[in-house]
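Heads up: the sequence shown is residues 13 to 462, going by the numbering used here. Ideal placement from N, C-alpha and C gives every residue a C-beta, glycine not left out. Below is one structure; the comments refer to it alone.
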Amino acid sequence: MQSTYLSRSLFGCTRISLISAALFVALLPVKGTAQQTGIFQRPGSTAESQGMAEHAGMPTSLRELVQEAEQKNPQIAASSHAWQASRNIPKQASALPETQLSVQQFSVGSPRPFAGYSNSDFAYIGFGASQDIPYPGKRQLRAQIAEHEADYMEAQTDSIRRTVLGNLKMVYFRLAYIQQTLGVLQRSDELLNQVQEATEARYRVGQGNQQDVLKAQLQHTKILQEIAHHHQEEGLLEAQIKQVLGRPQESADIVAETLTLRPLPYTAAELLQKAREQNPDVHSKQASVRQQETQVELAHKEFRPDFNVGYTYEHNASQFRDYYMASFSVRLPNRGRQRAALAEAEQNQERARQELDAESQRVLSEVQQQYVRAKTSEEQLKIYSDGLVPQSEATFQSALSAYQSNRQDFESLLSGFLDVLNLDLEYRNELADHESALAELERLTGVDLP
13 MQSTYLSRSL FGCTRISLIS AALFVALLPV KGTAQQTGIF QRPGSTAESQ GMAEHAGMPT
73 SLRELVQEAE QKNPQIAASS HAWQASRNIP KQASALPETQ LSVQQFSVGS PRPFAGYSNS
133 DFAYIGFGAS QDIPYPGKRQ LRAQIAEHEA DYMEAQTDSI RRTVLGNLKM VYFRLAYIQQ
193 TLGVLQRSDE LLNQVQEATE ARYRVGQGNQ QDVLKAQLQH TKILQEIAHH HQEEGLLEAQ
253 IKQVLGRPQE SADIVAETLT LRPLPYTAAE LLQKAREQNP DVHSKQASVR QQETQVELAH
313 KEFRPDFNVG YTYEHNASQF RDYYMASFSV RLPNRGRQRA ALAEAEQNQE RARQELDAES
373 QRVLSEVQQQ YVRAKTSEEQ LKIYSDGLVP QSEATFQSAL SAYQSNRQDF ESLLSGFLDV
433 LNLDLEYRNE LADHESALAE LERLTGVDLP
């Protein structure tokens, strides 16, 4: 890179070129060399940890936040209650219809109650009960349909839980990136203030030029602008995390831990198999297929008649004998309506099968994409740490020596240092991208990466 520009990071936040330390070393050689001032700090270094300590409170691990979200997130809690409620439906579906009780009063010769009760053997007071009885097998099929619905709700609950936790991890990684780069920006601004003063001093004695002074002032303003943007982004991300955790928005700030590289111990084939076995979205579609298959069985069974049995005791006056009546009736189905219901069930069964196939293909495709993304990111991180960053540091060291010997201009030195810092920030972006890919794989496959 040959100019002092602001490049955009992977997450959409501005990645500032941190020129302050370079200028500080270049213009104030009495302060020490680049190695002595600790310019080139890798992520997770002591200097970075000190920068994290500038935030209020101690860092909170992602695992702690995940556990808190599982216990307190209202979306997870609501889906869990919906699943628990669905578990009570099979017992309702398998129960017999409600028993009907009746009281009858039969008058003779007058509409008045009990008229003719004592002089007619037709007048009576009756007490009866009747019960609808579905054709054998219908109640069991209805219970199975409800059980499959409960299985669907259970899978949906797991899917919601994984989605919430996956989003939490994404925001956490972004917050970690913002907070780490914010600390670097703040330390850079402190150094740049000294650089600006030194540049103005050299210009006053005729050893520098006005262009260098203006560049230093411009970079100071840009850093102040980026610090403001980072504070804004940090506040927005913390608000999102507090919402997921169910915390009050006025609660203490959240400080993320420093990102570290997690290895991916699974092959693509292993992750694809895990997704087939453990992905809740696939499980929910499988439950839906089983539900529709049972619905087709029930539609066939609905062609069978239902029954009703009843019994009535009819009490007459004391001089007449009582009546006892048992009844049995058959409810014949409307075959035209049932054929339409069967056709509907068969079409829904085929729809569910196609949705299961589509969902399986989507999930497996996402797993493969995230696996490629994670493995490629690992390769990129190795290139950064073993190649690009050390090479850019060596180039800058050479440029620094030439500048201190008046064999190179200020612009070339600045360009060399921008390469170092931008590559370092690109490494941080790539690390956050790698962790995001692993979080997606955890959500899709159900594996728990350490």
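Check, Outcome
"Test item: CB-CB of Ile101 and Glu161 under 8 Å", "yes"
"Rounded straight-line distance, which links the Cα of Asn291 to that of Ile172", "12 Å"
"Reference Gly458, options Glu80, Asp293, Ser427 and Phe126, closest by Cα", "Asp293"
"Alpha helix (DSSP H) segment containing Ser389, residue limits", "Arg347 to Ile395"
"Residues of its chain near Phe185, where Cβ-Cβ distance is below 6 Å and the 5 sequence neighbours each way are ignored", "Ala444, Glu447 and Ser448"
"Cα-Cα separation, Leu113 to Glu378", "59 Å"
"contact_flag[the stretch 127-140, the stretch 262-275] where n(CB pairs < 8 Å) is 3 or more", "no"
"Euclidean distance between Cα positions of Thr407 and Tyr383", "34 Å"
"Contact under 8 Å by Cβ, Val301 with Leu368", "yes"
"Span separating the alpha-carbon of Lys234 from that of Ala370", "49 Å"
"Chain B within 8 Å of Leu344, Cβ atoms only", "Going by chain labels, chain B is absent from the structure shown, which holds only one protein chain."
"Classification of Gly348 by the beta-carbon crowding that lies within 10 angstroms, buried from 16 upward", "exposed"
"Per DSSP, the bridge partner or partners of Met337", "Thr324"
"Stretch pair the stretch 258-266 + the stretch 348-360: three plus CB contacts closer than 8 Å", "no"
"Host alpha helix (DSSP H) of Ile235 (start-end)", "Gln222 to Leu257"
"Closest residue to Ser404 among His93, Glu423, Asp436 and Pro317 (Cα-Cα distance)", "Asp436"
"C-alpha gap between Ser29 and Leu376, whole angstroms", "Confidence is the limiting factor: at Ser29 the pLDDT is only 38, short of 50, which leaves the residue's position unreliable and the question unanswerable from this model."
"Neighbour-count burial assignment, Val321, 16 or more Cβ in a 10 Å radius", "exposed"
"According to DSSP, residues forming a beta bridge with Arg343", "Asp318"
"Residues near Tyr439 by beta carbon distance below 6 Å, same chain, minus five either side", "Tyr396"
"Close-in-space but distant-in-sequence residues of the same chain around Arg174 (CB under 6 Å, 5 per side omitted)", "Arg455"
"Arg99 versus Glu159: straight-line alpha-carbon distance, rounded", "7 Å"
"8 Å Cβ cutoff met for Phe139 and Tyr325", "yes"
"Presumed contact (8 Å Cβ cut-off) between Leu257 and Leu400, rounded CB distance", "At roughly 38 Å, the Cβ-Cβ gap does not stay under 8 Å, so Leu257 and Leu400 are not in contact."
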